[in-house]
Amino acid sequence: MKRAASFVRMIGVSKLALLGAALTTSGVLAELLLVFGELFVFESHPYIGIVSYVLLPGMIVLGLVMIPIGMALRLRAARAGFSFAALDRVAEKRGVHVGHAGQVILTLSLVNLVIFGVIGYRGFHYTESVEFCGQVCHEVMHPEYTAYARSPHSQISCVECHIGPGAGWFVKSKLSGARQLVAVVADTYSRPIETPVHNLRPAREVCEICHRPEIFHGNLIKVLEQYEPDEDNTRTYTVLNMRVGGGDDADRVAHGIHWHVSNEHEVRYYATDRKREDIVWIEQTSADGTRRVWTDPDRPVPPPDPADLRVMDCVDCHNRPTHVYLTPDEALDAALAHGRIDADIPWIRKLAFELLTIPYASAESAAAGLAELPAVYRERYPNHWTTHEASVRDAVPPLQDIHRSNVFPAMNVQWNTYSSLIGHATEHTRACFRCHDGRLRDETGAPITLDCRSCHYILANREVAPTILDRLETD
């Protein structure tokens, strides 16, 4: 008790030191309560994590720093100089035994070391968690987190792709995170978030942990179920035989779609824009060193600086592997196919598309606008209203969910803001035709292949009842 009393009196030589001690003590107690609560009482929450692993540790450190500063200022005020002997003389006047106080300080320092070790460990894992990445900066990351949560990779944490193993990428990610934090605080971040991410870890180091293109051999049947914007919402099927391909296996050379990322060669390209849409120079280097270059004769460019070239990898085609945003057509076709919207409602495909694609100013106005579906339907199709009233009203929540999951006005994310680069060209992206459009030619004048069959065979194209489905025994 004497040691504790000496410690208290020693701190008491300065009001600033006392305030620091109060901050540290209250911070430690609050930290212990929150950590205990997270472990045993309540569920974790992103904002509790911010308090537990950012604000309270900062408060504790601030208090610890204030204690010696307060003592030093007290000594200065007493004109006693900065030494333990001077501190001893000042403390002696208050009945403080400096040796006893020093033992208490040493003991508490060791306790603080343990506490900060636990906080540091849990804080590190918290900053690596999905809830920290996606929910703390709610407005900024809300679109990306929403898309991630319903994606094929929703069971994979953000850091497994965006950071990955290794100290180098960990440091880069934290430096990038600090810059992004400043942008959030200063409200200078891009709306929408700019893509592609130019400092993303190379896809081969991420995707190929699970996916190995060299063993993606053979073909894959893909069936697209689509609905026409007519009175009957006519259901059609497109059936494709996708040449997924691969290569480097024991039996075949690189072929099909995954030829692009085969280990048999390296493909590099130069794009004039940050979105990598305007590609004007492509180089293929084979394993034996053979080199082939394609350029645009109408837009000749000098050989680009090697630092400006990008090695083609998975995300040059699979640019939305996780943060998947559907087009209004894709979202409506899926809702009709899965029965969330009744396909027996006449003209529902056409009307729903019209309402979904109105440029609403906010999420609230979008929800209100889509809630007008029954009124609009009754006015436009009065002959069908009585029969289908209940189904039309039931279609409102699915439509609101479709819009809420793909359009985020607060971040300027509209339909097709983030288009997929897989497939044919649209009004929003050139997709595969960034390269395969006949513009780029090699030194002999030969273009990059325009043969559709190098990627897929069309077995049925928007047919109502394609016979191929019977052969495939598809329901």
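The working numbering numbers the first residue of the sequence shown as -11 and each following residue consecutively.
Cβ coordinates follow ideal geometry from the N, Cα and C atoms, glycine included.
Straight-line CA distance for residue i to residue j?
i	j	result
A448	P454	6 Å
L314	G105	44 Å
I456	N229	11 Å
G15	L43	9 Å
E127	H376	38 Å
G268	A419	According to the sequence as given, residue 268 is Val; it is not Gly. Cα to Cα, the separation comes out at about 14 Å.
I197	E271	26 Å
V53	T417	55 Å
E451	V281	40 Å
A434	R279	15 Å
H246	G233	6 Å
H412	A18	57 Å
P347	G277	52 Å
V227	T134	30 Å
S178	A398	11 Å
A323	V211	16 Å
L339	D321	13 Å
V384	A378	11 Å
D296	D304	15 Å
K263	T432	29 Å
S408	E415	12 Å
D284	I203	33 Å
I168	A174	The question names Ile, but residue 168 in the sequence shown is Gln. Rounded to whole angstroms, Q168 to A174 spans 10 Å at the Cα level.
A166	T12	26 Å
G25	V99	20 Å
A356	D382	15 Å
N394	P386	12 Å
A325	L460	19 Å
S442	T176	45 Å
V3	N400	First, the residue type needs correcting, since residue 3 is Lys and not Val in the sequence shown. Taking the straight line joining both Cα atoms gives about 51 Å.
Indicate whether residue i and residue j have their beta-carbon atoms separated by less than 7 Å.
i	j	result
G58	A5	yes
V249	P190	no
P217	R337	yes
Q388	L358	yes
I55	A9	yes
A242	E254	no
Q468	T224	Residue 468 lies beyond the residue range present for the chain, which begins at -11 and ends at 463; the question has no answer from this structure.
E219	W335	yes
C146	V118	yes
A319	I390	yes
P45	I107	yes
C440	C302	no
What does a CB cutoff of less than 8 Å around residue i pick up in its chain, not counting 5 residues either side in sequence?
i	result
D458	none
H424	I436, T437 and L438
E132	G122, I181 and H311
T187	With the sequence shown as reference, residue 187 is identified as Asn, and Thr is not the correct amino acid for it. Within the same chain, N187 has close Cβ partners K160 and S164.
P292	Y258 and W269
I144	T310
F112	none
Excluding sequence positions up to five away, which residues of its chain have a Cβ less than 7 Å from the Cβ of residue i?
i	result
V39	L22
P316	F341, L344, T345 and W403
L7	M54
If residue i sits next to residue j, beta carbons under 8 Å apart, how far is it from one beta carbon to the other, in whole angstroms?
i	j	result
V364	I333	So it is not a contact: roughly 13 Å between Cβ atoms.
R298	Y257	6 Å
C125	V159	21 Å between Cβ atoms; not a contact.
D266	T260	5 Å
H130	F396	6 Å
Go through its chain and collect everything with a Cβ distance to residue i's Cβ below 6 Å, but skip five positions before and after it.
i	result
R392	none
R366	W373
A275	E252
E116	V147
T405	P180
G533	Because the chain in this structure spans residues -11 to 463, residue 533 falls outside the shown range and cannot be described.
Is residue i a contact residue of the ligand FMN, with contact defined as CB to any heavy atom under 6 Å?
i	result
C440	No copy of the ligand FMN occurs in the structure displayed, which carries no ligand at all.
Query raised in the report: If we count Cβ pairs, one from each stretch, closer than 8 Å, do we get three or more for the stretch 319 to 332 versus the stretch 192 to 210?
Result: Contact fails: fewer than three Cβ-Cβ distances are below 8 Å.
**Report entry** Given 8 Å, three or more beta-carbon pairs between the stretch 283 to 294 and the stretch 367 to 374
**Finding:** no
Query raised in the report: Does the stretch 429 to 446 come close enough to the stretch 337 to 354 that 3 or more CB-CB pairs lie under 8 Å?
Result: Segments in contact, no.
**Report entry** Stretch pair the stretch 302 to 310 + the stretch 128 to 141: three plus CB contacts closer than 8 Å
**Finding:** yes
Query raised in the report: How about the stretch 425 to 433 and the stretch 346 to 359: do they share at least three Cβ pairs that are nearer than 8 Å?
Result: The stretch 346 to 359 and the stretch 425 to 433 do not touch, with fewer than three beta-carbon pairs separated by less than 8 Å.
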